[in-house]
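Participant: Chains as they are written, first to last, in the working numbering: chain A, 8 to 157; chain B, 8 to 157; chain C, 8 to 157; chain D, 8 to 157. Where a beta carbon is used, it is the ideal one built from N, C-alpha and C, also for glycine. Take a look at this one; I'll ask things after.
Number of protein chains: 4
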Amino acid sequence: MDIKTKLRGDYVQVDAVAWQPFPEAFSTGGIKWKLLHVSPEVGGWTAIFACPADSSFARHIHVGPGEYLLTKGKMEVRGGDQEGGSTASALGYGYEACNARHDQTSFPEDSEFYMTFLGPLQFIDEAGETLAVVGWEQAQVLWAQQTGQG
Amino acid sequence: MDIKTKLRGDYVQVDAVAWQPFPEAFSTGGIKWKLLHVSPEVGGWTAIFACPADSSFARHIHVGPGEYLLTKGKMEVRGGDQEGGSTASALGYGYEACNARHDQTSFPEDSEFYMTFLGPLQFIDEAGETLAVVGWEQAQVLWAQQTGQG
Amino acid sequence: MDIKTKLRGDYVQVDAVAWQPFPEAFSTGGIKWKLLHVSPEVGGWTAIFACPADSSFARHIHVGPGEYLLTKGKMEVRGGDQEGGSTASALGYGYEACNARHDQTSFPEDSEFYMTFLGPLQFIDEAGETLAVVGWEQAQVLWAQQTGQG
Amino acid sequence: MDIKTKLRGDYVQVDAVAWQPFPEAFSTGGIKWKLLHVSPEVGGWTAIFACPADSSFARHIHVGPGEYLLTKGKMEVRGGDQEGGSTASALGYGYEACNARHDQTSFPEDSEFYMTFLGPLQFIDEAGETLAVVGWEQAQVLWAQQTGQG
Chain A
8 MDIKTKLRGD
18 YVQVDAVAWQ
28 PFPEAFSTGG
38 IKWKLLHVSP
48 EVGGWTAIFA
58 CPADSSFARH
68 IHVGPGEYLL
78 TKGKMEVRGG
88 DQEGGSTASA
98 LGYGYEACNA
108 RHDQTSFPED
118 SEFYMTFLGP
128 LQFIDEAGET
138 LAVVGWEQAQ
148 VLWAQQTGQG
Chain B
8 MDIKTKLRGD
18 YVQVDAVAWQ
28 PFPEAFSTGG
38 IKWKLLHVSP
48 EVGGWTAIFA
58 CPADSSFARH
68 IHVGPGEYLL
78 TKGKMEVRGG
88 DQEGGSTASA
98 LGYGYEACNA
108 RHDQTSFPED
118 SEFYMTFLGP
128 LQFIDEAGET
138 LAVVGWEQAQ
148 VLWAQQTGQG
Chain C
8 MDIKTKLRGD
18 YVQVDAVAWQ
28 PFPEAFSTGG
38 IKWKLLHVSP
48 EVGGWTAIFA
58 CPADSSFARH
68 IHVGPGEYLL
78 TKGKMEVRGG
88 DQEGGSTASA
98 LGYGYEACNA
108 RHDQTSFPED
118 SEFYMTFLGP
128 LQFIDEAGET
138 LAVVGWEQAQ
148 VLWAQQTGQG
Chain D
8 MDIKTKLRGD
18 YVQVDAVAWQ
28 PFPEAFSTGG
38 IKWKLLHVSP
48 EVGGWTAIFA
58 CPADSSFARH
68 IHVGPGEYLL
78 TKGKMEVRGG
88 DQEGGSTASA
98 LGYGYEACNA
108 RHDQTSFPED
118 SEFYMTFLGP
128 LQFIDEAGET
138 LAVVGWEQAQ
148 VLWAQQTGQG
């Protein structure tokens, strides 16, 4: 058996990190992000997102659970309150369960949220066919490119 | 906040459960399986597989980590020892890391292994395009159909 | 095998929930908290803490990893920068690794942080002897009592 | 943010590893074990145990969930079938839930089982006071000493 060492902690001064564009393949309206942490052992990742009014994320399935803290603005999840989903307002906390399908996640006003993910997001088309599986590894590759750490 | 209850334990008398065919979309050579447990909160699942000589699993990525105990026979993972992977022989234990890609998992003799999975298997084609994402939910739907619990 | 259902999401309007005192057995200086979520399957829990100037948490070990977002003020973890730990300033993100020992976590000014925990906190004395193991179940019992949901 | 690398897989030829005594502080009757894997990020660990007739484990709480495959013999969990628990017979699979308390785990005949643990075992006295918290780190320290890898 391989002897393993304890992990050490990480710290990121969030407001000192520049926002980067979140890919247009997965969002519209100019969403930006900062990747804060990845957990390669179980495939976790943590990020903060800035979402201008009228921006949205493309249709996806949470392959594992995710938890968010909405620190600013409003987020309509699964269509929002009007369509059986949730409309979150800052300061709001949400738990999105494993296998939750989000056909529409949109921001009626300028918003920011912090989110911890276990496992990837599976972006899908309307029929449920997979377009991309984006997890800690893909997130980190993108972030490294965007910040010149590649 | 929703108040939650503790989970209770489960027990399965494994040898009293009949083998079911594992889908040919994901395997060749007559692999059979028994689903033993699913963990809906984090997307874990546990199964035991019976793999005849010359059977194999289709190309896949482990979206989360998996651990196996090979109780009978031989399993060639990631091409086997000859190609930089592992050749497991009973009694063998293996840890397949999050994001491990298994282009070829084959059984040169009649074999059985027990495996715990966190997250789904992402079956892919040679170019890496997703064919199917098979996790606890899809596994349970199949098992329920096969055993008349649907 | 028991057939299981998918979990559903939760939402908490954080600013509409009243602060409750965090137990003095585990903190000094008037720390308050709101429990936001528990995950009984893996023993995860999520809370937000308000920590007045000069408050602190008692010595503890993180039995699993934890991630925090410091939304206000300053937090000195593992003695702070001056003693080899971290001094977090809002807006700061921290990852505390599995088995991290925090002999001193203190707040030099009024602060707030949100934290997701996997597994319990093991409160210990100076010699490392266990005083209490406080996880999702104990957290939920306390919260239910404090909010009349018991 | 620290850029992290993917983990690699591990393999252990289980039958080529010598059994070591499991500590008498936590068991009676000559239980032996082999540690197969540790997962430092989330505090998981995996081991196989050989339990002679009339051996037993001391009273403990599973701080996270655990899954076992009983490959030989019989195991009485939580008092066995006669007292509302489970009596497992090879080949048997069991899921022990997060926070399960096992006042008595005993083996009426020579038995072996393989188990994956998330989080530590909290050994307790009859009144529920903590005697020891034994997780991946403590397990690995012991194993490294027993096998000369310290």
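Between the alpha carbons of A/T53 and A/Y121, how many angstroms are there, rounded?
Facilitator: For A/T53 and A/Y121, the distance between alpha carbons rounds to 8 Å.
Participant: B/E74 CB to nearest chain A CB: under 8 Å?
Facilitator: Cβ-Cβ to chain A under 8 Å: no for B/E74.
Participant: Note the first and the last residue of the continuous alpha helix (DSSP H) segment covering D/S150.
Facilitator: The residue asked about is misnamed: residue 150 of chain D is Trp in this sequence, not Ser. Looking at the DSSP string, the run of the alpha helix (DSSP H) that includes D/W150 is W143 to Q153.
Participant: Of all the CB atoms in chain C, is at least one closer than 8 Å to the CB of A/E83?
Facilitator: No, no contact with chain C.
Participant: Does C/G155 pass the burial test, meaning 16 or more other C-beta atoms within 10 Å, or should it be called exposed?
Facilitator: Label assigned to C/G155: exposed.
Participant: What distance in whole Å lies between the Cβ atoms of B/P47 and B/L125, which are believed to be in contact at a cut-off of 8 Å?
Facilitator: Not confirmed; about 13 Å, so no contact.
Participant: Does C/I55 get closer than 8 Å to chain B when you measure Cβ to Cβ?
Facilitator: For C/I55, the answer is no, since every Cβ of chain B falls outside 8 Å of its Cβ.
Participant: Which of the three DSSP states, helix, strand or coil, is assigned to C/V3?
Facilitator: Outside the displayed span of chain C (8 to 157) sits residue 3 of chain C, for which this structure offers no information.
Participant: Check this for me: beta carbons of D/F130 and D/H67, under 8 Å apart or not?
Facilitator: A contact, by the Cβ cut-off of 8 Å.
Participant: Entirely within the region 75-118 of chain A and at least 3 residues each: give me those beta strand (DSSP E) ranges in chain order.
Facilitator: Fully enclosed beta strand (DSSP E) runs of 3 or longer: 81-84, 93-96, 99-103 and 112-114.
Participant: What first and last residue would you give for the beta strand (DSSP E) that runs through B/T12?
Facilitator: Segment: none, B/T12 is in no beta strand (DSSP E) and carries neither H nor E.
Participant: Going straight from the alpha carbon of D/D9 to that of A/D17, what length do you get?
Facilitator: So the two alpha carbons sit approximately 8 Å from each other.
Participant: Closest by CA to A/F33, which one among A/G80, A/G87, A/Q111 and A/G99?
Facilitator: When each option's Cα is compared against that of A/F33, the closest is A/Q111.
Participant: With contact counted as at least three CB pairs below 8 Å, one residue from each stretch, are the region 83-97 of chain A and the region 85-98 of chain B in contact?
Facilitator: Result no; under three Cβ-Cβ pairs closer than 8 Å.
Participant: Say whether chain D places a C-beta atom closer than 8 Å to the C-beta of C/P127.
Facilitator: Yes, contact with chain D.
Participant: Tell me which residues share the same chain as B/A139 and place their Cβ nearer than 6 Å to its Cβ, disregarding the 5 neighbours each side in the sequence.
Facilitator: Once the five neighbours on either side are set aside, the close Cβ partners of B/A139 are F130.
Participant: Quickly, what does DSSP pair B/F130 with across the bridge? List them, please.
Facilitator: B/F130 is bridged to B/H67 and B/A139.
Participant: Under 8 Å, Cβ to Cβ, is there at least one residue of chain D near C/G71?
Facilitator: It does: the Cβ of C/G71 has a partner Cβ on chain D nearer than 8 Å.
Participant: Closest by CA to C/H69, which one among D/F64, D/T12, D/C58 and D/G142?
Facilitator: Comparing Cα positions, the closest option is D/G142.
Participant: In terms of alpha-carbon separation, which member of B/L128, B/A151, B/V148 and B/G101 lies closest to B/A65?
Facilitator: That would be B/L128, whose Cα lies nearest to the Cα of B/A65.
Participant: Alpha carbon to alpha carbon, how far is B/Q20 from D/H109?
Facilitator: About 20 Å.
Participant: Since D/V141 meets chain A, which of its residues come closer than 9 Å, beta carbon to beta carbon?
Facilitator: Residues of chain A passing the Cβ test: none, with the nearest at roughly 16 Å.
Participant: Identify the contact partners of C/A25 in chain A, using a Cβ-Cβ distance below 9 Å as the criterion.
Facilitator: Those do not exist, as C/A25 stays about 14 Å from chain A at its closest Cβ, beyond 9 Å.
Participant: When you check each C-beta in the region 108-136 of chain A against every C-beta of chain D, which residues fall closer than 7 Å?
Facilitator: Residues: none.
Participant: For C/G73, list the residues DSSP reports as bridge partners.
Facilitator: C/G73 is bridged to C/E103 and C/F124.
Participant: Quick check: the Cα distance between B/W150 and D/Q145, rounded to an integer number of angstroms?
Facilitator: Using only the alpha carbons, I get a separation of about 38 Å.
Participant: Closer than 6 Å by C-beta to C/D88: which residues in its own chain qualify, once you throw out the five before and the five after it? Chain order, please.
Facilitator: T94.
Participant: Apart from the five residues on each side of it in sequence, which residues of its chain come closer than 6 Å, Cβ to Cβ, to B/G86?
Facilitator: Counting only Cβ-Cβ distances below 6 Å, and skipping sequence neighbours, we find G92 and Q111.
Participant: Just to confirm, is the Cβ distance from D/Q152 to A/K11 under 8 Å?
Facilitator: No, Cβ-Cβ distance for D/Q152 and A/K11 is not below 8 Å.
Participant: Could you give the residue range of the beta strand (DSSP E) that holds A/I38?
Facilitator: Taken as a continuous stretch (DSSP letters only), A/I38 belongs to no beta strand (DSSP E), as it is neither H nor E.
Participant: How should D/A57 be labelled, buried or exposed, when 16 other C-beta atoms within 10 angstroms of its C-beta is the threshold for buried?
Facilitator: Classification of D/A57: buried, given that the 10 Å Cβ count is 16 or more.
Participant: Measure from the C-beta of D/L43 to each C-beta in chain B and report whether the shortest distance is under 8 Å.
Facilitator: Closer than 8 Å to some Cβ of chain B, the Cβ of D/L43 qualifies, so yes.
Participant: Please list, in chain order, the chain D residues whose beta carbon lies closer than 9 Å to that of B/E144.
Facilitator: Within chain D, no residue comes near B/E144; the closest Cβ sits about 17 Å away, beyond 9 Å.
Participant: With a threshold of 6 Å on Cβ separation, who are the neighbours of D/L42 within its own chain once the five nearest residues in sequence on each side are excluded?
Facilitator: Only A54, A146 and W150 meet the Cβ criterion.
Participant: In terms of alpha-carbon separation, which member of B/V49, B/G99, B/S118 and B/A60 lies closest to B/K79?
Facilitator: Among B/V49, B/G99, B/S118 and B/A60, the Cα nearest to that of B/K79 is on B/S118.
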